[in-house]
Amino acid sequence: MKNFLSVHDATTIPDLVNRARHYKASRNENRELADGKTLINLFFNPSLRTRLSTERAGYELGFQVITMDAGGGWKLEFEDGAVMNLDSAEHVKEAAGVLSQYCDVLAVRSFPGLEDRTADYEDRIINAFVKYATVPVVSLESAIRHPLQSLADCVTIAEHRQTDRPKVVLTWAPHPRKLPQAVANSFAEWMVKWDEVDLTIANPEGFDLATEFTAGARVLHNQEEAMRGADFVYAKNWSSYTDYGATAQLPDWTVSEQKMALTNDAFFMHCLPVRRNVVVTDGVLDSDRSLVLRQADNRTWAAAAVLAGLLGG
Amino acid sequence: MKNFLSVHDATTIPDLVNRARHYKASRNENRELADGKTLINLFFNPSLRTRLSTERAGYELGFQVITMDAGGGWKLEFEDGAVMNLDSAEHVKEAAGVLSQYCDVLAVRSFPGLEDRTADYEDRIINAFVKYATVPVVSLESAIRHPLQSLADCVTIAEHRQTDRPKVVLTWAPHPRKLPQAVANSFAEWMVKWDEVDLTIANPEGFDLATEFTAGARVLHNQEEAMRGADFVYAKNWSSYTDYGATAQLPDWTVSEQKMALTNDAFFMHCLPVRRNVVVTDGVLDSDRSLVLRQADNRTWAAAAVLAGLLGG
Amino acid sequence: MKNFLSVHDATTIPDLVNRARHYKASRNENRELADGKTLINLFFNPSLRTRLSTERAGYELGFQVITMDAGGGWKLEFEDGAVMNLDSAEHVKEAAGVLSQYCDVLAVRSFPGLEDRTADYEDRIINAFVKYATVPVVSLESAIRHPLQSLADCVTIAEHRQTDRPKVVLTWAPHPRKLPQAVANSFAEWMVKWDEVDLTIANPEGFDLATEFTAGARVLHNQEEAMRGADFVYAKNWSSYTDYGATAQLPDWTVSEQKMALTNDAFFMHCLPVRRNVVVTDGVLDSDRSLVLRQADNRTWAAAAVLAGLLGG
Chain E
1 MKNFLSVHDA TTIPDLVNRA RHYKASRNEN RELADGKTLI NLFFNPSLRT RLSTERAGYE
61 LGFQVITMDA GGGWKLEFED GAVMNLDSAE HVKEAAGVLS QYCDVLAVRS FPGLEDRTAD
121 YEDRIINAFV KYATVPVVSL ESAIRHPLQS LADCVTIAEH RQTDRPKVVL TWAPHPRKLP
181 QAVANSFAEW MVKWDEVDLT IANPEGFDLA TEFTAGARVL HNQEEAMRGA DFVYAKNWSS
241 YTDYGATAQL PDWTVSEQKM ALTNDAFFMH CLPVRRNVVV TDGVLDSDRS LVLRQADNRT
301 WAAAAVLAGL LGG
Chain F
1001 MKNFLSVHDA TTIPDLVNRA RHYKASRNEN RELADGKTLI NLFFNPSLRT RLSTERAGYE
1061 LGFQVITMDA GGGWKLEFED GAVMNLDSAE HVKEAAGVLS QYCDVLAVRS FPGLEDRTAD
1121 YEDRIINAFV KYATVPVVSL ESAIRHPLQS LADCVTIAEH RQTDRPKVVL TWAPHPRKLP
1181 QAVANSFAEW MVKWDEVDLT IANPEGFDLA TEFTAGARVL HNQEEAMRGA DFVYAKNWSS
1241 YTDYGATAQL PDWTVSEQKM ALTNDAFFMH CLPVRRNVVV TDGVLDSDRS LVLRQADNRT
1301 WAAAAVLAGL LGG
Chain H
2001 MKNFLSVHDA TTIPDLVNRA RHYKASRNEN RELADGKTLI NLFFNPSLRT RLSTERAGYE
2061 LGFQVITMDA GGGWKLEFED GAVMNLDSAE HVKEAAGVLS QYCDVLAVRS FPGLEDRTAD
2121 YEDRIINAFV KYATVPVVSL ESAIRHPLQS LADCVTIAEH RQTDRPKVVL TWAPHPRKLP
2181 QAVANSFAEW MVKWDEVDLT IANPEGFDLA TEFTAGARVL HNQEEAMRGA DFVYAKNWSS
2241 YTDYGATAQL PDWTVSEQKM ALTNDAFFMH CLPVRRNVVV TDGVLDSDRS LVLRQADNRT
2301 WAAAAVLAGL LGG
């Protein structure tokens, strides 16, 4: 792998899943791999799970890990030829070039503005770093994708599936805030490409994701119909792609025990943080079918697999 | 020790003091102890001494140390059954559960609001982490206690006492801001339990600490009377417990050379940061009887003793 | 070296340049040097390059590295005898004394206010830390100097010079903001002392630097005249020293391809971040004569040389 920005960079999904499970099973035995190497995690937006799991993964492989919060004062310029006499203090050409001097792998998190779809879907920050960095770049969630989350989700499904090709349902769920489509886009993209699962997406009318991520999946606008017979139910809110950034308060879409009763005793998944009793009821989240903490744990091992892959390990 | 939240978690005070002195005397020789283990320090409030000394202690034992400032954006929900459609983005159940996946010891700092005594004295943040974490939890100061400071204070007293059962005086002192009772509560609690010292507390009327911390100590409202014959004078401001959060400007209570002359050539102690010429005069603080830097140094070794104890070391 | 605050602390410039090149050539082979030692980087102002390069240098030598942002809430008192009943929560006496307990080397960044020249040129923050710290202090840029940048610049010149005593031109360049004189002061001071280069300074009338830094250099107010025959052109904006903090919008001073054509095929240097097409044109910055990324890389090795020197290595 040269960079890790989406499922298209994965060697193969089964290969990455196996590597992640390998590192999980051999904790503390892989610190020679990145000995003397440095990982920089650059956050344009705050993060808890992603920061901690990536740091842990870095340490597992023996990296020196440096985490930078760049959200505050560091205004970057992205335009070629810009006359920089306004707010931007540094061009991404220099920023990426300089950071590349100080590390062996550069991991970057950024978020969309959710105002201008064209701008967001160009995924400008991560792509500019890829263009100008001279070391491998890892997405720690970009404007439109969250590939390390998706890989961790694949690992979690691989660990828990009881059939050859389980039915996986990605369902939209309510949320009080306007959220990116990144987690949902990425999950759809990975599930569609992974031939070991069968993906159904359920969302209200007006909340269809971009077809570049969902082509190949069944998309239904009826949550109950979608959930029938599911082996895994993955809940997530996202704001509208078509009416860009629009939200809807639809309490009928909360994932509840009643809805889970329609499934094949499905496991429940969510990337966290989760709004209890809005996205999903306490009953579901606190049940022994909930995999949310397993997913969070697997973030570490997904990151380890990717970091090792980028070093050629 | 399972967790470290108060003196009640200490194996015994002499045991912890001895362990701290052991680590201090064997700097750089204990890095095998926590090799491959991770310490997360989670700060809901800012910190200098506590952060640095705990990080140093972690490194001394071989931990990978991750420090998170959670003060800004990360709003946690603490109520069971809450419908999370307002500000709180994550329930402490998930927060503590997730953090437990990424570390072997979780250290947490939080402060009281000093508005609602009942709420503060429930010590909600640290207790919620203890309830939901699956790894040992260390208090880096909670709403009502600061046990690592108290242990460092015990170590400092043990290093400097010249009699079998020295007279220790905890005295209230003036301060321009409204401060928690945590340091004073904890110091009282440790001194009362530690049978190697004799504790007197001096504070103005209206500033008595909660008896759950002070029962067993002599409480006087006359500072000079209290200081007579003291071997150690520990100054600290705290806001009122009884008239909760109230403060008082009482310059007569500043610890001065004149007052120290009443003592048995006492050592002066303070947890820092200290307001010079408000809490204590320059003359006292700059004298060779001042132990404030020794206390700060011992924070590292107190933390090392506790972290090692939590690993069973 | 006892501390590292200016060129006056350098053993000799050639010695430090050689040490820096030695560490650069032996990456990952020097981690025994500071094994078991701790470096604290304390930032009163934000930083990207300085933070990352100093952390990298610390890791290269085997330090445990702790980075503290002190810009926000930590108000220090610097006056002797102050009655601290206002904003300042801690006196630098305690702050420096405490930090010295937690590390083997203390690195400090601070900026000038650019309002009161006398106060800024006393370089109060870094000097107070030097006065009260009990460990070596390194300047990560102070109000009036940036010695690690200057050392990195020396290394970069040493690597690229093609004549025995190249002509180096430090030229003022436009910038939309009011900037410190620190980089320019320091660069002048190092170049003047370094007998292997010949320094010319070009700046508009009213922008002469303080003579304590420039005495011994040629100072011209005509940029084109200065650049003629140059082997290295170092561009940097600074606000006025004489009309303290004043700025000027002088687009004629932008470094362009036309101006570089007057030189002896000079290398272009800048400490970054750089405002493209304000300080310097894209054409110059993107040419193969631009050394700006080399300078950024050499920051790491300059810091390694200094840190090792402070340990006696």
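Residue numbers (the numbering used here), protein chains in the order written: chain E, 1 to 313; chain F, 1001 to 1313; chain H, 2001 to 2313.
Using N, Cα and C, we set each Cβ at its ideal position, and we do this for glycine too.
Between G2229/H and the set H2175/H, A2266/H and T2171/H, the nearest pair of CA atoms involves A2266/H. One thing to note: V1155/F has its Cβ within 8 Å of the Cβ of V1017/F. Here the stretch 102 to 115 of chain E lies against the stretch 239 to 258 of chain E, with 3 or more beta-carbon pairs under 8 Å apart. Around the beta carbon of L2199/H, 16 or more other beta carbons sit within 10 angstroms, so the residue counts as buried.
Non-local C-beta neighbours of T2254/H in its own chain, meaning closer than 8 Å and more than five positions away in sequence, comprise A2173, P2174, N2277, V2278, V2279, V2280 and T2281, ordered along the chain. At a cut-off of 8 Å between beta-carbon atoms, R2056/H makes contact with chain E. For F2063/H, the secondary structure class from DSSP, reduced to helix, strand or coil, is coil. In this chain, the alpha helix (DSSP H) harbouring S186/E covers A182 to K193. Contact annotation for T300/E against chain F: Q1101 and Y1102 [CB-CB distance below 8 Å, chain order]. Going by C-alpha positions, D1208/F is about 13 Å away from K1236/F. Apart from sequence neighbours up to five positions away, the residues of its chain that approach V1135/F with a beta-carbon distance below 7 Å are S1100, C1103, D1104, V1105 and L1106, ordered along the chain.
Interface criterion not met: the Cβ of N2237/H is under 8 Å from no Cβ in chain E.
With three or more CB-CB distances shorter than 8 Å, the stretch 2146 to 2154 of chain H counts as touching the stretch 2285 to 2302 of chain H. Here the alpha carbon of E94/E sits roughly 28 Å from the alpha carbon of G2062/H. Beta-bridge pairing by DSSP links R2276/H to V2280/H. For A107/E, DSSP records a beta bridge to N41/E and V138/E. Within chain F, V1098 and Q1101 have C-beta atoms less than 7 Å from the C-beta of A296/E, given in sequence order. Pairing Y2234/H with F2187/H gives a Cβ-Cβ distance under 8 Å.
R2165/H sits in coil when the DSSP states are folded into three classes, being neither helix nor strand. Cβ contact annotation for A2226/H (same chain, cutoff 6 Å, sequence separation greater than five): V2169, T2200, A2202 and L2220, in chain order. For Y1059/F, the nearest beta carbon of chain H is closer than 8 Å to its own beta carbon. Setting aside the 5 residues that flank it on each side, E2032/H is surrounded in the same chain by G2062, each with a C-beta closer than 8 Å to its C-beta; the list follows chain order. With contact defined as three or more Cβ pairs closer than 8 Å, the stretch 1077 to 1086 of chain F and the stretch 73 to 85 of chain E are not in contact. Between the alpha carbons of V306/E and P14/E lies a gap of roughly 13 Å.
Take R1019/F, set aside five residues on each side of it, and the residues of its chain with a beta-carbon closer than 6 Å to its own are A1305, in chain order. When L2293/H, E2060/H and H2091/H are compared, the shortest CA-CA separation from V1292/F is found for H2091/H. Within the stretch 172 to 190 of chain E, the residues whose Cβ lies closer than 9 Å to some Cβ of chain F are P174, H175, P176 and R177, listed in chain order. When the Cα atoms are used, K2131/H and N2003/H turn out to be separated by approximately 11 Å. For Y2234/H, the three-state secondary structure derived from DSSP is strand.
A straight line joining the alpha-carbon of K167/E with that of T214/E spans about 15 Å. If you check the CB distance, A2182/H and R2145/H come in under 8 Å. At a cut-off of 8 Å between beta carbons, P112/E makes no contact with chain F. The Cβ neighbour count for P147/E, taken over all protein chains shown within 10 Å, is at least 16; the residue is labelled buried. Residue contact with chain E for V1083/F: present (Cβ-Cβ distance below 8 Å to some residue of chain E).
In this model, T163/E and D9/E are separated by some 27 Å (Cα to Cα). Counting only residues of its own chain and dropping the five nearest sequence neighbours on each side, E189/E has a CB closer than 6 Å to the CB of V7 and F213.
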